[in-house]
Amino acid sequence: MSKFDEKVAQYSKFMDDKGLKYDSDLLKAVTKGLGPSIYKKDAETVSGSDAKELLTVKNNFLIKKLGLADGPKLDEAINKVVEAIGKSERNKYRAVVYYMLAVEFGKESIYN
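First residue of the sequence shown? That's 1 in the working numbering, and the numbers climb one at a time after it.
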């Protein structure tokens with residue numbers, strides 16, 4: 001199994017453990033879109049309590065990648081995803097957060 005496949009399996013198990021439903025092909029595509037950052041411990045995760053980190057998710061992913069307009073709905077969606085994963089969960093994997101946000105906004109087609 002390649003390192004990439006190991007990461008996808010890790011994120012799949014994480015979502016299974018949290019009881020989150022997911023499409024494995026979309027999760028794989030989102031993970032692939034993150035490139036080498038998935039292999040760096042700090043870049044691989046999102047801090048749900050760090051306002052600067054959440055702003056990066058909003059600007060770099062929701063606005064630039066998904067092409068969404070800035071507004072309160074973006075912050076609400078980020079908070080919803082953080083809540084779904086669990087605020088106390090230390091490892092909020094970026095691939096999982098991005099996956100859930102893409103689904104939340106119906107932007108799965110970006111990864112096709």
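All C-beta atoms, glycine included, are put in the ideal place defined by N, C-alpha and C.
Open item on the list: Relative to the C-alpha of Glu14, which candidate in Ile110, Leu66 and Lys92 has its C-alpha closest?
Closed with: Looking up residue 14 in the sequence shown gives position 14. Note that residue 14 is Phe in the sequence shown here, rather than Glu. Here the closest residue by C-alpha is Lys92.
Task: Cβ-Cβ distance between Leu26 and Tyr111 below 7 Å - done: By 1-based counting over the sequence shown, the position of residue 26 is 26. By 1-based counting over the sequence shown, the position of residue 111 is 111. For the pair Leu26 and Tyr111, the CB atoms are nearer than the 7 Å cut-off.
- [ ] Please confirm if the stretch 80 to 88 is in contact with the stretch 59 to 70, defined as three or more CB-CB distances below 8 Å between the two stretches.
- [x] The stretch 59 to 70 and the stretch 80 to 88 do not touch, with fewer than three beta-carbon pairs separated by less than 8 Å.
Open item on the list: Assuming Ala77 and Glu104 are in contact, meaning their beta carbons sit under 8 Å apart, how far apart are those beta carbons, in whole angstroms?
Closed with: Position 77 of the sequence shown holds residue 77. Position 104 of the sequence shown holds residue 104. Correct: roughly 5 Å between the Cβ atoms.
Task: Delimiting residues of the alpha helix (DSSP H) encompassing Lys80 - done: Position 80 of the sequence shown, counted from the start, is the residue given in the question as residue 80. Taken as a continuous stretch (DSSP letters only), the alpha helix (DSSP H) holding Lys80 covers Pro72 to Ile85.
Open item on the list: By the three-class DSSP mapping on this structure, what secondary structure does Tyr93 have?
Closed with: Residue 93 sits at position 93 when you count from the first residue of the sequence shown. Tyr93 carries a strand assignment under DSSP once its states are collapsed to helix, strand and coil.
Task: Backbone CA spacing between Lys32 and Phe4 [nearest angstrom] - done: In the sequence shown, the residue the question calls residue 32 occupies position 32. In the sequence shown, the residue the question calls residue 4 occupies position 4. Distance between Lys32 and Phe4, taken at the CA atoms: about 8 Å.
- [ ] Measure the beta-carbon distance from Ile85 to Lys18 and round it to whole angstroms, keeping in mind my assumption that it falls under 8 Å.
- [x] Taking the sequence shown and counting its residues from 1, one reaches residue 85 at position 85. Taking the sequence shown and counting its residues from 1, one reaches residue 18 at position 18. Contact between Ile85 and Lys18 holds: their C-beta atoms lie close to 6 Å from each other, under 8 Å.
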